[in-house]
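Notes to accompany the following structure.
Number of protein chains: 2
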Amino acid sequence: MTEPPVLLDRRSGVPLAVQLADGLRSSPVLRVGDRLPSTRQLASTLGVSRTVTAAAYDQLLAEGWLEGRRGVGSFVVGTPPAAPVDRRSRPDPTPSVAVDLRPGAPCLEVLDRAAWRRAWRAAGDEPPDVGWDPIGTPAFRTAVVEHLLRHRGLPADPDDVLGTSGTSAGVAEVARLLPPGSRVGVEDPGYGRAVGALLATGVTVVPLRVDHDGLVVDEVPAGLAAVYCTPAHQFPLGGRLPAARRVALVEWARAEGTLVLEDDYDGELRYDVAPLPLLASLAPDVVVHLGTTSKVLSPTLGVGWLVAPRPLRDRLVEARTATGTRPARAGQRVLAALAGHGDLSRHLRRLRRELAARRDLVRGAVADAGHRTVGDAAGAHLVVPLADRATEERVRADALAGGVAVDGLARHTTAAGGPAGLVVGWAAPTRAELVDALAVLTGALRGVRP
Amino acid sequence: MTEPPVLLDRRSGVPLAVQLADGLRSSPVLRVGDRLPSTRQLASTLGVSRTVTAAAYDQLLAEGWLEGRRGVGSFVVGTPPAAPVDRRSRPDPTPSVAVDLRPGAPCLEVLDRAAWRRAWRAAGDEPPDVGWDPIGTPAFRTAVVEHLLRHRGLPADPDDVLGTSGTSAGVAEVARLLPPGSRVGVEDPGYGRAVGALLATGVTVVPLRVDHDGLVVDEVPAGLAAVYCTPAHQFPLGGRLPAARRVALVEWARAEGTLVLEDDYDGELRYDVAPLPLLASLAPDVVVHLGTTSKVLSPTLGVGWLVAPRPLRDRLVEARTATGTRPARAGQRVLAALAGHGDLSRHLRRLRRELAARRDLVRGAVADAGHRTVGDAAGAHLVVPLADRATEERVRADALAGGVAVDGLARHTTAAGGPAGLVVGWAAPTRAELVDALAVLTGALRGVRP
Chain W
1204 MTEPPVLLDR RSGVPLAVQL ADGLRSSPVL RVGDRLPSTR QLASTLGVSR TVTAAAYDQL
1264 LAEGWLEGRR GVGSFVVGTP PAAPVDRRSR PDPTPSVAVD LRPGAPCLEV LDRAAWRRAW
1324 RAAGDEPPDV GWDPIGTPAF RTAVVEHLLR HRGLPADPDD VLGTSGTSAG VAEVARLLPP
1384 GSRVGVEDPG YGRAVGALLA TGVTVVPLRV DHDGLVVDEV PAGLAAVYCT PAHQFPLGGR
1444 LPAARRVALV EWARAEGTLV LEDDYDGELR YDVAPLPLLA SLAPDVVVHL GTTSKVLSPT
1504 LGVGWLVAPR PLRDRLVEAR TATGTRPARA GQRVLAALAG HGDLSRHLRR LRRELAARRD
1564 LVRGAVADAG HRTVGDAAGA HLVVPLADRA TEERVRADAL AGGVAVDGLA RHTTAAGGPA
1624 GLVVGWAAPT RAELVDALAV LTGALRGVRP
Chain E
1204 MTEPPVLLDR RSGVPLAVQL ADGLRSSPVL RVGDRLPSTR QLASTLGVSR TVTAAAYDQL
1264 LAEGWLEGRR GVGSFVVGTP PAAPVDRRSR PDPTPSVAVD LRPGAPCLEV LDRAAWRRAW
1324 RAAGDEPPDV GWDPIGTPAF RTAVVEHLLR HRGLPADPDD VLGTSGTSAG VAEVARLLPP
1384 GSRVGVEDPG YGRAVGALLA TGVTVVPLRV DHDGLVVDEV PAGLAAVYCT PAHQFPLGGR
1444 LPAARRVALV EWARAEGTLV LEDDYDGELR YDVAPLPLLA SLAPDVVVHL GTTSKVLSPT
1504 LGVGWLVAPR PLRDRLVEAR TATGTRPARA GQRVLAALAG HGDLSRHLRR LRRELAARRD
1564 LVRGAVADAG HRTVGDAAGA HLVVPLADRA TEERVRADAL AGGVAVDGLA RHTTAAGGPA
1624 GLVVGWAAPT RAELVDALAV LTGALRGVRP
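Protein sequence lines correspond, in order, to chains W and E. For the first sequence, the numbering used here assigns the number 1204 to the initial residue and increments by one for each residue that follows. For the second sequence, the numbering used here assigns the number 1204 to the initial residue and increments by one for each residue that follows.
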C-alpha cells in the first residue's frame, strides 16, 4: 500500500477529482504493481470527499492506468497504452490535459454498467465457437438489422449485413476491391482516419468541397471509383446532407458507376428532427452503409457493420476467406446481448438526452464568449469558426494551458487554405468536468475576435 | 414447441447424436425462431438417452444453428453463417458431413466452461474503454508476455507485443509495410490463408520447398523481402525445423536484410520433447513472431499477437493509427482474465494431454489400415501419404460418403506435382465422434495401397 503525496489546489478551477487523477498518474513514487489505498482511506488522508477519490480512480481505471481487482484493491498497471502514439499522431503533446473535449470518444457517464456487465455475462454463457466466420454471428447480424430498422429506417436482410472491426476497417476492405489506380473522393474537411485507411490501400484520394449542408454534390468530379461521405452529420462541419443532394448523389453514382461509402457517423444522434432517408435506403445498389458502436457505446467492443450491394458483399466475404481476416466475434456477442435485452435502445435514448443537454451547455458557453457555433443539432461535437489558423492555434494553446484539449479544423483538412475554427466535443468528460472545462474554453475564446 | 420427426438408424455406425443433429439441422418442419423440445422431452420421444439429445443440441449450439436462452429453451436461429462460404471456398460441398476431421479447429471438449464464463464475467466487470488503442490493453500484453515466457521460452517486453486480430491479419499488416514489388517466400505445401493474406497485399509470393523437417533453408533464393514459415510444426507436413536450420535461416536473413515471419502454429502443442528455441529468441532483430488463440482456445475471441523488432513495431502502430484499424479489445479482455486466473495454463495442459491421446488413436487407426503417418508428435493433425492425387481424392470421397470430412494435401499446395496424402485433424470432434469417424476413415484407407 503506497500513500502517494498529491497536492490539491482547491482554488485552481480544475475539479479536485481531475487534479487528483493527474497527481496520481504523474506521481514519481507509484510504480507498476503498486496497490493504491482505498478511496475511503485516501479521501480521509487528503481531507476530501470520497466522491472525489472515487471519481479520480474511475478516471484512471477508464484510462487503463489502474486496474481494479475485486475485493483486493486497485493496482497501477502502467501508463495508458495509447499515450505515446497519440503524442506522435496529434500535433500537441498532452501531458497536462485534464479534460479532453476532442471529438470521437463515447459518453460513459450514461452507460448503464449493470446492463454492460449483464451483456458480457450472457456472451460468456454461450458456447465457444469452433468454426470460421467471415460474416458475423447470426445473433449479431439480427441485432444490427433491428437497430438499422428501428433507429435508422433502413430495411436490411441479415444476409446483407457484414460485421466489421469498425468504420475505417470497413472502408479499407471495400477500397482494396477497387481496381488498381482508382480515385476515391473524400470530404474535405473530413474524417482523417477514413482518408488514412483509403490512402493505405493505394487508391488516390480526391478532396471534395463541403459546405454547411455537407458534401457539395454538384461539384463532385467524374471518374471516381468511389465517394466516401458522412451524410447524417458531416464530420467535422456538422451539416446534414439535404434530401435533394442525397438524391442527386445516388443518381450521379448510378450514372457514373461510382460506389458511395455512407459513413453513418452520428446517425443515431439527432436532437431536432427525424433523420433524412439513408443513402443506402435510396439506392442499395450503389451504396455501402457503414456503422460502428465505438462512439455510441465504447471502443472496447471493436464492433461495426456494413451493408453492401450483394455482389460486393460476396466479394468482401471471398476476400476475407482468402486472406484469413474476419471481425472478432467477442464484441459481436456482447452487442447482440445488449440489443437482445433492450438495453441498447434504452442506452441510445439516454445518450441522446444527455448529449443534447450537453450541446446546449457548450453552445451557451461559446455564445457567452461572443462566438457563434456551426453544425446541426446532432452528435457530440460542433465547430466554433475562427478568423484564421493562427487564431485557431492560439485558442487551442490557451485552452490547453488551462488543462482543456480541443481540436482544430486544421487537423481535419488537407487544404492549407481551408476554414479555421475549433472542433469541440462533449461526450468524453463527465457533465461536471464539462462545466469546468467550458469555463476554461470561454476564457480562451474571449481573448479573440469572432 | 415443435416435435421434429427425426429418424435414427441405430446400426448405421454414425453416432446417434450426430444423426440427430443432422436430422434436426435438415428438418423441413423447423424454421428460424422455433423452440425445440427440452433434451429430456426429446430423449423420451425418440427413445434415446438424454446424453444423445444433449450432445446433439451442443453440436447445433456450437455451430450457431441453435441458440440457448437461459431458462427458456433452445431456439432455431438459422443455418451456420459460414456454411455457404465454406461451400464455395472448399472443393467439396459438405452437406452430409457428420464428423469434421479437417485441421484448424479448436478442441472444445476439454475447455473448462466454468473458467470460460468466469473470464467473460471478469471482462465485463472492467469499465468500458474511452480511448483509441492501437496496441492492445496492458493486461492483455502482460498476459501474452507471461504466456510467451512460460510456454514458448521467449522473453519479451509488454511494449514489444502488439495485439492482432489473428495470424493472417498480422501477416497482412507486416506485408503492407514492405516496399512495392516485394517478393515473399512461403512454404509449399503451406498455410493457404497466410498465402492469401500476402497475395492480397500485392506482394509476389515465391513457393519454397519443404521436407519432413520443415523449410529447406539452404534452397531459399536471394532477393526476398520476407519469408513466412511455421517452424514449430510445419503446416501441413508436420516437421519441426531443426536447430541448425533455424540458425542458418536467421543468419541468412540478417545477411540478406530479409524479414522472417515466424507463425508459431501449434507451438504450444508438443507431446514429446521440449520445443526448439524460437526464431524470435535467436534473432529478435529480424524475426516477427506471430501467435493466436483461435486454435488453442476458440476463434470466438479473435485474438492474436505479434512480437516485432522495435522499428517495425513502431511502423505498424503508425499504420494502425493512420488507418483507424486496431485489434478489438473485447477478446483481449477475456484472454487476459483467463490467463490471470491461471485457467489458460491449466487449459493448455489439459489440451496437450487430450490431443496427444487422440493422436495415438489416429495413428493406431491409420496403421491398422496398413498406412503410415508423417509428422512430429505435436499439434492436432498429421499426414497420411498416398500414391498420387487421384488416390487422395478417392479416399477423401469415400470418407465423405461415410460422413467424415478430411483434407488433402492438394488444397495446401500450389505445385500441381506436389506430394499427395490426407491431412487428418482430431481437435474438432468429441472423443467419441473421433472414434466413430476413424472407423470410417480406416475403411476408406483399406481400399487403397499405401
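C-beta atoms are modelled at their ideal positions from N, C-alpha and C, and glycine is treated no differently. All figures in this text were calculated on a predicted structure; none of them were measured in a lab.
For residue 1624 of chain W, tell me which candidate among W:1488, W:1635, W:1645, W:1599 has the shortest Cα-Cα distance.
That would be W:1599, whose Cα lies nearest to the Cα of residue 1624 of chain W.
Taking Cβ to Cβ, would you say residue 1397 of chain W is nearer than 8 Å to residue 1527 of chain E?
Yes, the Cβ-Cβ distance between residue 1397 of chain W and residue 1527 of chain E is below 8 Å.
Contact residues within the region 1535–1547 of chain E, judged by C-beta distance below 8 Å to chain W
Answer in chain order: 1536, 1537.
If contact means a Cβ-Cβ distance below 8 Å, which residues of the region 1618–1636 of chain E contact chain W?
Only those residues of the region 1618–1636 of chain E whose C-beta falls short of 8 Å from the nearest C-beta of chain W are listed: 1631.
Counting along the chain, where does the beta strand (DSSP E) carrying residue 1550 of chain E start and finish?
Per DSSP, residue 1550 of chain E belongs to no beta strand (DSSP E); it is in the alpha helix (DSSP H), 1546–1571.
With a threshold of 8 Å between beta-carbons, can residue 1639 of chain W be considered close to chain E, or not?
No, its Cβ sits nowhere closer than 8 Å to a Cβ of chain E.
Can you list, in chain order, the residues of its chain whose CB lies under 6 Å from that of residue 1568 of chain E, leaving out five sequence neighbours each side?
In its chain, beyond the 5 residues on either side, 1641, 1645 have a beta carbon closer than 6 Å to the beta carbon of residue 1568 of chain E.
Nearest by alpha-carbon distance to residue 1450 of chain W: which of W:1519, W:1434, W:1365, W:1439 is it?
The shortest CA-to-CA distance from residue 1450 of chain W to any of W:1519, W:1434, W:1365, W:1439 is the one to W:1434.
Within 10 Å of its beta-carbon, does residue 1560 of chain E have 16 or more other beta-carbons around it, so buried, or fewer, so exposed?
Answer is exposed; the Cβ neighbour count stays below 16.
Residue 1580 of chain E (DSSP reduced to helix, strand or coil):
Shown here, residue 1580 of chain E sits in coil according to DSSP, grouped into three states, outside any helix or strand.
Does the beta carbon of residue 1508 of chain W come closer than 8 Å to any beta carbon on chain E?
False, the Cβ-Cβ gap to chain E never drops below 8 Å.
Have a look at residue 1648 of chain E and residue 1543 of chain W and give me their C-alpha separation to the nearest angstrom.
Each residue's Cα considered, the two are about 48 Å apart.
From residue 1539 of chain W to residue 1310 of chain E, what distance separates their C-alpha atoms?
Their backbone Cα atoms lie some 25 Å apart in a straight line.
Could you tell me which whole alpha helix (DSSP H) segments of length 4 or greater appear in the region 1482–1513 of chain E?
Secondary structure in the region 1482–1513 of chain E: the alpha helix (DSSP H) runs of 4 residues or longer, each lying completely within the stretch, are 1482–1485 in chain order.
Contact between the region 1581–1599 of chain W and the region 1318–1334 of chain W: three or more CB pairs below 8 Å?
No, because fewer than three Cβ pairs between the region 1581–1599 of chain W and the region 1318–1334 of chain W fall closer than 8 Å, the two stretches do not touch.
For residue 1294 of chain W and residue 1258 of chain E, what's the separation of their Cα atoms in angstroms?
Because residue 1294 of chain W sits at a pLDDT of 41, beneath the cut-off of 50, its placement in the model cannot be relied upon, and the point is left open.
Along the chain, where does the beta strand (DSSP E) containing residue 1463 of chain E start, and where does it finish?
It spans 1462–1466 - the beta strand (DSSP E) in which residue 1463 of chain E sits, taken as one unbroken run.
Which chain W residues sit within Cβ distance under 7 Å of residue 1435 of chain E?
Result: empty, since nearest Cβ-Cβ is about 18 Å, beyond 7 Å.
Should residue 1252 of chain W be labelled buried (16 or more other beta-carbon atoms within 10 Å of its own) or exposed?
Residue environment analysis places residue 1252 of chain W among the exposed positions, since fewer than 16 neighbouring C-beta atoms fall within 10 angstroms of its C-beta.
Could you tell me the alpha carbon to alpha carbon distance between residue 1470 of chain E and residue 1350 of chain E, rounded to whole angstroms?
Cα to Cα, the separation comes out at about 11 Å.
Please name the residue, chosen from W:1442, W:1463, W:1497, W:1413, that lies closest to residue 1430 of chain W on a Cα-to-Cα basis.
Of the candidates W:1442, W:1463, W:1497, W:1413, the residue whose Cα lies closest to the Cα of residue 1430 of chain W is W:1463.
Just the C-alpha distance for residue 1357 of chain W and residue 1426 of chain E, rounded to the nearest angstrom, thanks.
About 52 Å.
Could you confirm whether any beta carbon from chain W is found closer than 8 Å to the beta carbon of residue 1324 of chain E?
Yes, residue 1324 of chain E counts as interfacial toward chain W.
By the 10 Å Cβ neighbour count, where 16 or more other Cβ atoms means buried, how is residue 1604 of chain E classified, buried or exposed?
By the neighbour-count rule (16 or more Cβ atoms within 10 Å), residue 1604 of chain E is not buried but exposed.
My output table needs one value for residue 1341 of chain W: the three-state DSSP class, helix, strand or coil.
Helix, per DSSP.
Flag this pair as yes or no: are the beta carbons of residue 1545 of chain W and residue 1584 of chain W separated by less than 8 Å?
Taking 8 Å as the Cβ cut-off, residue 1545 of chain W and residue 1584 of chain W do not qualify as a contacting pair.
Does the beta-carbon distance from residue 1486 of chain E to residue 1520 of chain E come in below 8 Å?
Not in contact: residue 1486 of chain E and residue 1520 of chain E (Cβ atoms no closer than 8 Å).
I'd like to check one pair, residue 1466 of chain W with residue 1493 of chain W: are the Cβ atoms closer than 8 Å?
With contacts defined by Cβ atoms closer than 8 Å, residue 1493 of chain W and residue 1466 of chain W form a contacting pair.
Taking the continuous alpha helix (DSSP H) assigned at residue 1435 of chain W, which residues delimit it?
For residue 1435 of chain W, no alpha helix (DSSP H) run applies, since DSSP gives it neither H nor E.
Applying the 10 Å Cβ sphere with the 16-neighbour rule, what's the burial state of residue 1576 of chain E?
Its Cβ being crowded by 16 or more others within 10 Å, residue 1576 of chain E is buried.
Would you verify that the beta carbon of residue 1270 of chain W is, or is not, closer than 8 Å to some beta carbon of chain E?
At least one chain E Cβ lies under 8 Å of residue 1270 of chain W.
So, is the C-beta of residue 1328 of chain E closer than 8 Å to a C-beta in chain W?
Yes, its Cβ sits closer than 8 Å to a Cβ of chain W.
Using a Cβ-Cβ distance cut-off of 8 Å, determine whether residue 1332 of chain E contacts chain W.
Taking Cβ atoms only, chain W reaches closer than 8 Å to residue 1332 of chain E, which makes this a yes.
Along the chain, where does the beta strand (DSSP E) that runs through residue 1277 of chain W open and close?
Going by DSSP, residue 1277 of chain W is part of the beta strand (DSSP E) stretching over 1276–1279.
Give the range of the beta strand (DSSP E) segment to which residue 1624 of chain E is assigned.
Counting along the chain, residue 1624 of chain E sits inside the beta strand (DSSP E) bounded by residues 1623–1628.
Which residues in the same chain as residue 1633 of chain W place their Cβ atom closer than 7 Å to its Cβ, once the five residues preceding and following it in sequence are excluded?
These residues qualify, in order along the chain: 1312.
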